[in-house]
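This report refers to the structure that appears directly beneath it.
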Amino acid sequence: MTSLDLAAPQSRTGGRAATLALGLAFGAILVGLIARAVDLGAPLGMVAVLPFVLPIAVWVAIADMKTMKIPNRAVLALVAVFALAGPVALPLEVWAWCWVHLGVVLVLGFVMSSLGMIGAGDAKFAAAMAPFVALADLGSFLFLFAAVTVLAFVGHRLARRIPAVRRALPGWDSWERRDFPMGLALAGGLLVYLGLAALGAMPSST
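Here the numbering used here runs 13 ahead of the position in the sequence shown, where the first position is 1.
Structure (structure tokens):
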């Protein structure tokens, strides 16, 4: 057996161990948040979902810039976060109604994707994001998302013109493609919105 053959099982074992450790860490955070919500006798607000959404958003942004694709696992992970941590952040009735947002955006995204207006991955991730956005915040979120999209587009286009950046991150598809990695804007928009909501700066939190 070659050293390469030996390395593959070790790599898989290390990956499983890292996944297990990450799952246990997130589980511990969720249990702590649940205990805090029970102690207060009230939902904790969007601050409760930020620790879980942050790594998924970073994953999506990097993956889309690198491969011009948003992994389906990231979409499912975001849905799982809302399913598990959402009841800690929101009143149960509000949390239940927010699932309607996912269905509506999924249908709209499917139509737009079929017409070639957006990518299928973008549509699926936008649908997974939708339950996190309160209906009362829709107008504010769309304005915020537009601003984040412009900043992300300009930042990305400038970054790919810098030789040092391209040397540090070689082979990223978005450096060469005309298409913009929309996952960067979607993930950034979600994080900024949740951060502002956690600070009480959104209409739904005032």
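Don't be surprised by glycine CBs; every beta carbon is placed ideally from N, CA and C.
Assignment of residue 83 by DSSP, reduced to helix, strand and coil, places it in the coil class. The alpha helix (DSSP H) runs lying completely inside the segment 61 to 138 and spanning 4 residues or more are 63 to 80, 85 to 102 and 105 to 127, given in chain order. In the structure shown, residue 215 falls within a coil segment according to DSSP collapsed to helix, strand and coil.
Inter-segment contact for the segment 130 to 139 and the segment 169 to 181 is absent: fewer than three beta-carbon pairs are separated by less than 8 Å. The segment 137 to 150 and the segment 159 to 174 do not touch, with fewer than three beta-carbon pairs separated by less than 8 Å. Assigned with DSSP and collapsed to three states, residue 178 falls in helix. Across the structure, residue 174 and residue 102 are spaced so that their CA atoms are roughly 41 Å apart.
The alpha carbon of residue 210 has as its nearest neighbour, out of 48, 57 and 29, the alpha carbon of 57. Going by C-alpha positions, residue 96 is about 42 Å away from residue 176. Taking C-alpha positions only, residue 190 is separated from residue 164 by approximately 18 Å. Residue burial is scored here from C-beta neighbours: residue 203 has at least 16 other C-beta atoms within 10 angstroms and is therefore classed as buried. With fewer than 16 other Cβ atoms from the protein chains shown falling within 10 Å of its own Cβ, residue 212 counts as exposed.
Residue environment analysis places residue 167 among the exposed positions, since fewer than 16 neighbouring C-beta atoms fall within 10 angstroms of its C-beta. Under the three-state reduction of DSSP output, residue 184 falls in the coil class, being neither helix nor strand. For residue 193, there is no enclosing alpha helix (DSSP H), as DSSP gives it neither H nor E. Between residue 98 and residue 65, the C-beta spacing is below 7 Å.
Straight across, the Cα-Cα distance linking residue 77 with residue 195 is about 7 Å.
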